[in-house]
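In my numbering, the protein residues as written are 320 to 612.
Just so it is clear, CB atoms sit at the ideal spot from N, CA and C, and this is done for glycine as well.
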């Protein structure tokens, strides 16, 4: 065996020796780093839910349909004060603004209020907070459109009306949040899970490419299977997720924390594993609410 062969063997052994040690050093550095550390706070979860809703065509069609119906009916004398096109724009702005406020506050309350609180208490708090937040939005929009500001004696009645409406909205959000996800999960199980042993099938956590294989991590374990990462990501639908690196994909609802590392980042997922985020994908995780803007 020539000198070149011995040198090549030595290099490979050195790489094999150093690789796990360098990885351990890097993991310790990230574990000890606290700059830019972000937990999934109720505010982050509410913002993520808002972005998910307003990127859903069904939500946009629903709000547009509500605005069109109200523009045609012209309630609260809007049919006399505005022509059809401005009336539609007014009701579209009103529907989008009030829906946004209600969605964000109700989502925040669901995650911020202790689960030990009775449901009526949680709904009452959410309704009160929503009513207080919606009131200035509606008043501001009416002032900008009609130049109208309620009289001092009208504020009590106005707040009571908004509280009643907000209570109905909070009940609807609670009903939707406690019934729809389970039904949808039963009908739309990711096809990728069918490739896993039964004891490892569960909510997807992350996908990682390893040569020609992909390591599939779920809340019940992990498995290395022969599939390209791009095909695995496609079969992971409808699980909301992001490809954060050329070799890694994460499920958004399984991200427990995020840490900056210069112009890159690292995500900590369910189970304690770390997923690197490339420089090019830091903006995407910011848009998803995993890191502050």
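- Here residue 564 carries a strand assignment [DSSP, helix/strand/coil].
- Looking at the DSSP output, residue 540 shares a beta bridge with 537.
- Contact between residue 519 and residue 537 holds: CB atoms are separated by about 6 angstroms, below the 8 angstroms threshold.
- Contact between the segment 444-455 and the segment 399-411 is absent, with fewer than three C-beta pairs closer than 8 angstroms.
- In the assembly as shown, residue 508 is an exposed residue. Its beta-carbon has fewer than 16 other beta-carbons within 10 Å.
- Excluding five sequence positions before and after residue 590, the CB atoms of its chain that fall closer than 8 angstroms to its own CB belong to 524, 536 and 538, given in chain order.
- For a cut-off of 8 angstroms, the C-beta gap from residue 559 to residue 371 is around 7 angstroms, short enough to register as a contact.
- In the structure shown, residue 527 falls within a strand segment according to DSSP collapsed to helix, strand and coil.
- Around the beta carbon of residue 377, fewer than 16 other beta carbons lie within 10 angstroms, which makes this residue exposed.
- Residue 585 is bridged by DSSP to 578 and 595.
- Here residue 463 has no same chain residue with a Cβ atom under 8 angstroms from its own Cβ, once five neighbours each way along the sequence are excluded.
- One Cα belongs to residue 406, the other to residue 388, and the distance between them is close to 11 angstroms.
- At a Cβ-Cβ threshold of 9 angstroms, residue 586 and residue 576 count as neighbours.
- Residue state for residue 467 is assigned as coil, using DSSP reduced to three classes.
- Counting only residues of its own chain and dropping the five nearest sequence neighbours on each side, residue 393 has a CB closer than 7 angstroms to the CB of 406.
- Less than 9 angstroms separates the beta-carbon of residue 571 from that of residue 367.
- With 16 or more other CB atoms across the displayed protein chains lying within 10 angstroms of its CB, residue 564 is buried.
- With at least 16 other beta carbons inside 10 angstroms of its own, residue 567 counts as buried.
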